[in-house]
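Reviewing the structure listed below.
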Amino acid sequence: MGNACWELYCLEHGIQPDGQMPSDKTIGGGDDSFNTFFSETGAGKHVPRAVFVDLEPTVIDEVRTGTYRQLFHPEQLITGKEDAANNYARVISAERAYHEQLSVSEITNACFEPCNQMVKCDPRHGKYMACCLLYRGDVVPKDVNAAIATIKTKRSIQFVDWCPTGFKVGINYQPPTVVPGGDLAKVQRAVCMLSNTTAIKFVLCLCYDIM
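Sequential numbering from 1 applies to the sequence shown in full-length UniProt numbering.
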């Protein structure tokens with residue numbers, strides 16, 4: 001997963017598998033936003049600001065011998081001697097997902113479903129204090145405004161009294177980049193939601209009770 005993530009970053013910023021950036025005319029010049037993720041050496045090579053640690057050596061060995069082996073410094077790849085032997089299988093093929101394009105309204109509504117949250121909590125049992133929606137791809141402000149207007153009419157989605165609007169929206173018209181041959185399907189549009197909700201208290205209480 002980590003290797004695929006850095007491969008995606010390289011594709012988005014035009015960095016080659018050996019860490020070189022042909023479009024970078026001068027070292028340290030131009031748009032250097034990618035330096036948040038990469039450290040640029042004096043020779044103009046871009047090294048990921050990351051450390052790979054895994055108990056299973058075979059997984060990181062794939063990084064050491066893969067296409068992007070020159071991208072990482074050897075000291076960034078740390079392995080153990082025991083095999084975790086975790087296997088994951090696809091549920092839906094990437095080819096099938098490509099033909100099931102969703103509208104702006106559908107992907108926006110999906111963000112508020114409990115099954116799509118990165119944390120195991122039900123936001124319908126709390127109130128939102130802030131909500132940021134970051135769209136990418138074939139998205140226009142008109143469709144976003146219509147989708148948010150629909151969200152505001154739902155009783156299951158409530159905001160605190162002192163912040164009734166609560167929505168912040170960003171649109172990047174560049175379609176999401178996918179790694180060739182990867183597990184993620186190519187889509188026309190996507191959205192990522194970052195929100196702050198009082199429903200998180202149930203997760204924190206559970207963690208406290210376990211302690």
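Note that beta-carbon positions come from the ideal geometry of N, C-alpha and C, so glycine has one too. Model, not experiment: these values are computed from the prediction.
Would a C-beta distance cut-off of 8 Å place residue i and residue j closer than the cut-off?
{"i": "Q20", "j": "G44", "result": "yes"}
{"i": "A130", "j": "S39", "result": "no"}
{"i": "A4", "j": "V179", "result": "yes"}
{"i": "P22", "j": "F37", "result": "no"}
{"i": "L134", "j": "C192", "result": "yes"}
{"i": "K127", "j": "F159", "result": "yes"}
{"i": "H125", "j": "A185", "result": "no"}
{"i": "T177", "j": "L8", "result": "yes"}
{"i": "T150", "j": "S105", "result": "yes"}
Indicate the three-state DSSP secondary structure (helix, strand or coil) for residue i in the structure shown.
{"i": "R155", "result": "coil"}
{"i": "P57", "result": "helix"}
{"i": "E113", "result": "coil"}
{"i": "A4", "result": "helix"}
{"i": "A190", "result": "strand"}
Skipping 5 residues on each side, what residues in its chain have a beta carbon closer than 7 Å to that of residue i?
{"i": "I60", "result": "F52, D54, L77 and T79"}
{"i": "I27", "result": "Low confidence applies here, because I27 scores a pLDDT of 47, under 50, leaving its location unreliable and the question unanswered by this model."}
If you count every other CB in all the chains shown that lies within 10 Å of the CB of residue i, and 16 or more means buried, which is it?
{"i": "R189", "result": "buried"}
{"i": "G14", "result": "exposed"}
{"i": "C207", "result": "exposed"}
{"i": "A147", "result": "buried"}
{"i": "V63", "result": "buried"}
May I ask you to list the residues that DSSP assigns as paired with residue i?
{"i": "N172", "result": "R136"}
{"i": "F38", "result": "P48"}
{"i": "F202", "result": "Its beta-bridge partners do not exist; DSSP assigns none."}
Output needed for residue i: all residues of its chain with C-beta closer than 6 Å, excluding positions within five of it in sequence on either side, in chain order.
{"i": "D18", "result": "Q70"}
Please go through the same chain and pick out, in chain order, the residues whose beta-carbon is closer than 8 Å to the beta-carbon of residue i, but skip the five residues on each side of it.
{"i": "D143", "result": "S103, V104 and S105"}
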